[in-house]
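*Asks:* Questions regarding the structure given below will be posed in turn.
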Amino acid sequence: MASFLEILTQPWAIRAITASVLVGLTCGVLGVFIVLRNMSLLGDALSHSVLPGIVISFMFFGYNPLGFFIGALGAGLLSTSLITWVQQNAKTRNDAAIGIVFTVMFSLGIIGISWLNNTQNVHLDLKDFLFGNVLAVSPSDVNMSIVVCLYSITMIILFYRYLFATTFQPVVAQVMGISVKATHYLLMFLLSFAVVSAMRTVGVILVVAMLITPASTALLYFHNLKKVIILSGILGIISAIFGFILAVLLDSNPGPMMVLVAGLLYTVSVFLAPEKGYIRKWWTRKLQNEKVINEDIVKYLHKHDIQHESDYKLMSENLDLKMNIILSRLKSLDRSGMVNMDGGFPHLTVKGVETADEIVRAHRLWETFQVNKMGMNEEQIHQEAERLEHKLTRDIVDEVDEKLGYPSLDPHGSPIPPKKFIPEKSLISLNPKQKGKIAQHQLNHDIEGELWEMGLMPETSFSVYSIEKDQIVIEALKKRIVIPARLATQINVI
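The numbering used here puts the first residue of the sequence shown at 1246, with every later residue one more than the last.
This is the structure we're talking about:
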């Protein structure tokens, strides 16, 4: 450990870490716009196209970092112009035009470096340009990285509005007087800067990974562009620091190790991101599937009584569910207070009946909407209503009801349960053992009067003792109070 810390305090290590951090920050910030504009291939093209500029600059300036920077930047801008010209003037697909230009430029660069090494008695290590050599970073390289980083971030801050508009709404931006083409070339100019500054640390081949990977990772966490940019920059810095540390510990090339760390961060985020991660999506689908099964069971119990063991088998066949799944879901519904399992057989509580009525109302209103507004016949509507009854929110169902003129019967002649005016959070919505308080405001004075007669004043604390078919029992004021189902659905609680 002592020798490792001693290595990190060496001047060359400090220069290497500083340059890597600056490159990680620059690429992370710029990469967001590259990814959002679907320009990843163009970034790859620019990174490969700088080699001819390096060859030409060496011929004029020798082994000079500033000369390499100028030559590579010129080659990058030339490649951008050539790609744009081919796309606009030749009958060639955009991605093909990019591939043609960057492979030709890349080949010219390799040929040029080989020619210099063979005929001019010089040694330019092609690997240093392709894969980077962060250990050979000079003070002038660090200074160049500082300038590029500060310049790029400053330009993004100054032109953020233009970049935002042209990235998401280029047509609207054009109408607003923003030059989409000029903004595109500004981004290409900054991208060329980033590619050239990253040449020493990760090389021209791997720089595209530092542009794309942190940005793609950040986009898994946020929808807000500013937050994505900040997080992408931070991830670029983390990738650079830990990549360098691992390279020292494992005696490996720092450039590829930085890319590997960025890739590992992306892989972990693919699974663990709070909204877009695989595990979150899997969990959401699981909960949605359980919700659908629960609602199907509640709706079935609303129509059928389960009084014998054979009734379970019939329910399993009708719902196309295995018996173990039905029994597991019944236990869950019992815990949530929708089903009461007293006597060994399930029956709906008042809360379950309310839920079943809402599902049936959504189903029958949507069937009516399909017939009246979409021109479908009665044989076509059931399956779609079965699917959507679990997804329609109460607000959407109310809107459908209003558009249909509050019908009382569905196309099959079945009654549509009326809308029940219940508080946003009613007593009936709570689960057994859940605690709450009586809200200050109720739907009307009649409810307030009934609560007053039971001694339940505003802010009175209580806990739900049990939910039964026609009543709810709560514990409050050191006693148990029985509240009729009719009243429980209308009591506003907090």
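C-beta atoms are modelled at their ideal positions from N, C-alpha and C, and glycine is treated no differently.
In this text the structure is predicted, and so the values were computed from the model without any measurement.
Pick out whichever of P1677, L1672 and A1601 has its Cα sitting closest to the Cα of A1684.
*Replies:* Indexing the sequence shown from 1 puts residue 1684 at position 439. For A1684, the nearest C-alpha among the options comes from L1672.
*Asks:* Looking at F1347 and S1294, is the spacing between their C-beta atoms short of 8 Å?
*Replies:* In the sequence shown, the residue the question calls residue 1294 occupies position 49. In the sequence shown, the residue the question calls residue 1347 occupies position 102. Cβ atoms of S1294 and F1347: closer than 8 Å.
*Asks:* Less than 8 Å separating the beta-carbons of V1709 and A1460?
*Replies:* Working through the sequence shown from its first residue, we reach residue 1709 at position 464. Working through the sequence shown from its first residue, we reach residue 1460 at position 215. In this structure, A1460 does not lie closer than 8 Å to V1709 by Cβ.
*Asks:* Just checking, does the segment 1706-1721 make contact with the segment 1591-1603 on the three C-beta pairs under 8 Å criterion?
*Replies:* A contact is defined here as three or more CB-CB pairs under 8 Å, and the segment 1706-1721 meets this definition with respect to the segment 1591-1603.
*Asks:* When burial is assigned at 16 or more other CB atoms within 10 Å of the CB, is S1424 buried or exposed?
*Replies:* Translated into the one-based positions of the sequence shown, residue 1424 becomes position 179. So S1424 ends up on the exposed side.
*Asks:* Would you check if the distance between the CB atom of A1218 and the CB atom of M1400 is smaller than 8 Å?
*Replies:* In the structure as shown, the chain begins at 1246 and stops at 1739. Residue 1218 is therefore absent and cannot be evaluated.
*Asks:* If you draw a straight line from the C-alpha of S1397 to the C-alpha of A1443, how long is it?
*Replies:* Walking along the sequence shown from the start, residue 1397 turns up at place 152. Walking along the sequence shown from the start, residue 1443 turns up at place 198. Their backbone Cα atoms lie some 13 Å apart in a straight line.
*Asks:* E1693 to K1664, Cα distance in whole Å?
*Replies:* Start at 1 with the first residue of the sequence shown, and residue 1693 comes out as number 448. Start at 1 with the first residue of the sequence shown, and residue 1664 comes out as number 419. Approximately 22 Å, taken between the alpha carbons.
*Asks:* In the DSSP assignment, the alpha helix (DSSP H) including I1739 goes from what residue to what residue?
*Replies:* As a first step, residue 1739 is located in the sequence shown; it is residue number 494 there, counting from the start. That residue, I1739, is in no alpha helix (DSSP H); it is neither H nor E in DSSP.
*Asks:* I need the DSSP call for G1650, collapsed to helix, strand or coil.
*Replies:* Along the sequence shown, read from residue 1 onward, the residue named residue 1650 stands at position 405. In this structure, G1650 counts as coil in the three-state DSSP scheme.
*Asks:* Since A1454 and A1507 are thought to touch, with beta carbons under 8 Å apart, how far apart are those beta carbons, to the nearest angstrom?
*Replies:* The count along the sequence shown starts at 1 and reaches residue 1454 at position 209. The count along the sequence shown starts at 1 and reaches residue 1507 at position 262. About 6 Å; that satisfies the 8 Å criterion.
*Asks:* In the DSSP assignment, what are the bridge partners of K1682?
*Replies:* In the sequence shown, the residue the question calls residue 1682 occupies position 437. DSSP, once it has assigned bridges, lists S1706 as partnering K1682.
*Asks:* With distances taken Cα to Cα, identify the nearest neighbour of L1395 among V1417, R1406 and F1438.
*Replies:* To locate residue 1395, count along the sequence shown from 1; it is residue 150. Ranking V1417, R1406 and F1438 by Cα distance to L1395 puts F1438 first.
*Asks:* Starting from E1623 and walking both ways along the alpha helix (DSSP H), at which residues does that stretch end?
*Replies:* To locate residue 1623, count along the sequence shown from 1; it is residue 378. Note, E1623: premise wrong, no alpha helix (DSSP H); not H, not E.
*Asks:* Rounded to whole angstroms, what is the Cα-Cα separation between L1654 and G1681?
*Replies:* Walking along the sequence shown from the start, residue 1654 turns up at place 409. Walking along the sequence shown from the start, residue 1681 turns up at place 436. Cα to Cα, the separation comes out at about 38 Å.
*Asks:* Within a Cβ cutoff of 6 Å, which residues of the same chain sit near F1467, ignoring the five residues on either side of it in sequence?
*Replies:* Here the question's residue 1467 lines up with position 222 in the sequence shown. Excluding residues up to 5 positions away in sequence, V1473 lie with their Cβ nearer than 6 Å to the Cβ of F1467 in the same chain.
*Asks:* Considering only C-alpha positions, which residue in the set L1505, L1476, I1479 and T1325 is nearest to F1489?
*Replies:* In the sequence shown, the residue the question calls residue 1489 occupies position 244. Comparing Cα positions, the closest option is L1505.
*Asks:* Can you give me the C-alpha to C-alpha distance between D1640 and S1711, rounded to a whole angstrom?
*Replies:* Your numbering for residue 1640 matches position 395 in the sequence shown. Your numbering for residue 1711 matches position 466 in the sequence shown. Rounded to whole angstroms, D1640 to S1711 spans 29 Å at the Cα level.
*Asks:* DSSP state of R1639, grouped into three classes?
*Replies:* Counting from 1 along the sequence shown, the entry for residue 1639 is found at position 394. In the three-state reduction of the DSSP assignment, R1639 falls in the helix class, which pools H, G and I.
*Asks:* Alpha carbon to alpha carbon, how far is H1608 from V1616? Give it in angstroms, no decimals.
*Replies:* On the sequence shown, residue 1616 is found 371 positions in, with the first residue counted as 1. On the sequence shown, residue 1608 is found 363 positions in, with the first residue counted as 1. The straight-line gap from Cα to Cα measures roughly 13 Å.
*Asks:* Please state the DSSP three-state secondary structure of L1435.
*Replies:* The residue given as residue 1435 occupies position 190 in the sequence shown. It is helical.
*Asks:* Tell me which residues share the same chain as L1227 and place their Cβ nearer than 8 Å to its Cβ, disregarding the 5 neighbours each side in the sequence.
*Replies:* The shown model of the chain, from 1246 to 1739, leaves out residue 1227, and the question about it has no answer.
*Asks:* DSSP three-state call for H1592: helix, strand or coil?
*Replies:* For the purposes of this step, residue 1592 is taken as residue 347 along the sequence shown, with counting starting at 1. Correct three-state label for H1592: strand.
*Asks:* What is the DSSP secondary structure of K1567, counted as helix, strand or coil?
*Replies:* Position 322 of the sequence shown, counting from 1, holds the residue named residue 1567. Coil.
*Asks:* Among V1331, S1302 and E1624, which residue has its Cα nearest to the Cα of A1320?
*Replies:* Along the sequence shown, read from residue 1 onward, the residue named residue 1320 stands at position 75. The shortest Cα separation from A1320 among V1331, S1302 and E1624 belongs to S1302.
*Asks:* If you compare alpha carbons, which of L1610, R1580 and Q1628 is closest to L1675?
*Replies:* Reading the sequence shown from its first residue, position 430 is the one you call residue 1675. Comparing Cα positions, the closest option is R1580.
*Asks:* So what's K1210 in DSSP terms, helix, strand or just coil?
*Replies:* Nothing about residue 1210 can be read from this structure; the chain reaches only from 1246 to 1739.
*Asks:* For A1485, which residues of its own chain have a beta-carbon under 7 Å away from its beta-carbon, when the five flanking residues on both sides are left out?
*Replies:* Counting from 1 along the sequence shown, the entry for residue 1485 is found at position 240. Same-chain partners within the cutoff: S1265, V1266, V1268, G1269 and M1503.
*Asks:* Would you mind sorting G1478 into buried or exposed? The rule is 16 or more other CB atoms within 10 Å of its CB.
*Replies:* By one-based count along the sequence shown, residue 1478 stands at place 233. With 16 or more Cβ atoms within 10 Å of its Cβ, G1478 is classed as buried.
*Asks:* Reducing DSSP to helix, strand and coil, say where I1661 ends up.
*Replies:* For the purposes of this step, residue 1661 is identified with residue 416 of the sequence shown, where counting begins at 1. The answer is coil: DSSP assigns I1661 none of H, G, I, E or B.
*Asks:* Less than 7 Å between C-beta atoms, sequence neighbours within five positions excluded: which residues of the same chain meet that for L1275?
*Replies:* Start at 1 with the first residue of the sequence shown, and residue 1275 comes out as number 30. Closer than 7 Å at the Cβ level, and outside the excluded window around L1275, lie S1397, L1435, L1436, A1439 and L1456.
*Asks:* Taking the alpha-carbon positions, what's the T1613 to R1632 distance?
*Replies:* By 1-based counting over the sequence shown, the position of residue 1613 is 368. By 1-based counting over the sequence shown, the position of residue 1632 is 387. Each residue's alpha carbon lies about 15 Å from the other.
*Asks:* Is F1305 buried or exposed, if buried means 16 or more other CB atoms sit within 10 Å of its CB?
*Replies:* The count along the sequence shown starts at 1 and reaches residue 1305 at position 60. The residue in question, F1305, is exposed, as its Cβ has fewer than 16 Cβ neighbours within 10 Å.
*Asks:* Can you give me the C-alpha to C-alpha distance between N1622 and A1733, rounded to a whole angstrom?
*Replies:* To locate residue 1622, count along the sequence shown from 1; it is residue 377. To locate residue 1733, count along the sequence shown from 1; it is residue 488. Going from the Cα of N1622 to the Cα of A1733 covers about 40 Å.
*Asks:* Is D1386 buried or exposed, if buried means 16 or more other CB atoms sit within 10 Å of its CB?
*Replies:* In the sequence shown, residue 1386 corresponds to position 141, counting from 1. Answer is buried; the Cβ neighbour count reaches 16.
*Asks:* Residue range of the alpha helix (DSSP H) that S1514 falls in?
*Replies:* Numbered from its first residue, the sequence shown carries residue 1514 at position 269. It spans P1499 to L1517 - the alpha helix (DSSP H) in which S1514 sits, taken as one unbroken run.
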